[in-house]
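**Student:**
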Amino acid sequence: QVQLVESGGGLVQAGGSLRLSCAASGSLFRINTMAWFRQAPGKQRELVASIYSRSSTNYADSVKGRFTISRDNAQNTVYLQMNSLKPEDTAVYYCHAAQGTQIYWGQGTQVTVSS
1 QVQLVESGGG
11 LVQAGGSLRL
21 SCAASGSLFR
31 INTMAWFRQA
41 PGKQRELVAS
51 IYSRSSTNYA
61 DSVKGRFTIS
71 RDNAQNTVYL
81 QMNSLKPEDT
91 AVYYCHAAQG
101 TQIYWGQGTQ
111 VTVSS
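Counting along the sequence shown from 1, when you hit position 48 you're at 48 in my numbering, and nothing is skipped either side.
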């Protein structure tokens, strides 16, 4: 079992920045992918950014150039640095981990960007 705990959400004005953290604990062997998803009210959950075991990354077009995903393997933590935030970035952000065919989710953290 893997437990994921997110932190760092909050309210920020447009143009501001936030950094989300996801701390992983439990049986971390063979976690090959970690990612951030988000879900806005009335919309489907969507992939924001992912980072793979060799630290290659992938981003949604809507956040490229503004968001950066990174991982600290020693701390078993994944970060999402969000800059130049827009009101349309408002959503609940979820941490995701893939361990073989098993998928884990965090409880989510709210990010609200005011205009």
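Glycine included, each C-beta is placed from N, C-alpha and C at the ideal position.
All figures in this text were calculated on a predicted structure; none of them were measured in a lab.
By DSSP's criteria, Glu88 is part of a beta bridge. Which residues make up the other side?
**Tutor:** Mapped onto the sequence shown, residue 88 falls at position 88. None; Glu88 has no bridge partner.
**Student:** Tell whether a beta-carbon distance below 8 Å holds between Ala40 and Ala49.
**Tutor:** Within the sequence shown, the letter at position 40 stands for residue 40. Within the sequence shown, the letter at position 49 stands for residue 49. Not closer than 8 Å, so no.
**Student:** Is the separation between the beta-carbon of Val111 and that of Leu18 shorter than 8 Å?
**Tutor:** Locating residue 111 in the sequence shown gives position 111, counting from the first residue. Locating residue 18 in the sequence shown gives position 18, counting from the first residue. Closer than 8 Å, so yes.
**Student:** For Ala14, which of Pro87, Ile103, Gln99 has the nearest alpha-carbon?
**Tutor:** Taking the first residue of the sequence shown as 1, we reach residue 14 at position 14. Residue Pro87 is the option with its Cα nearest to Ala14.
**Student:** Straight-line CA distance for Asn83 to Val12?
**Tutor:** For the purposes of this step, residue 83 is identified with residue 83 of the sequence shown, where counting begins at 1. For the purposes of this step, residue 12 is identified with residue 12 of the sequence shown, where counting begins at 1. About 11 Å.
**Student:** Across the region 3–12 and the region 59–70, are there enough close Cβ pairs to call them in contact, namely three or more that are closer than 8 Å?
**Tutor:** Too few Cβ pairs lie closer than 8 Å, so no.
**Student:** In this structure, how does DSSP classify Ser62 when only helix, strand and coil are distinguished?
**Tutor:** Here residue 62 is taken as the residue at index 62 of the sequence shown, counted from 1. Helix at Ser62.
**Student:** Should Asp72 be labelled buried (16 or more other beta-carbon atoms within 10 Å of its own) or exposed?
**Tutor:** Numbered from its first residue, the sequence shown carries residue 72 at position 72. Exposed: under 16 other Cβ atoms inside 10 Å.
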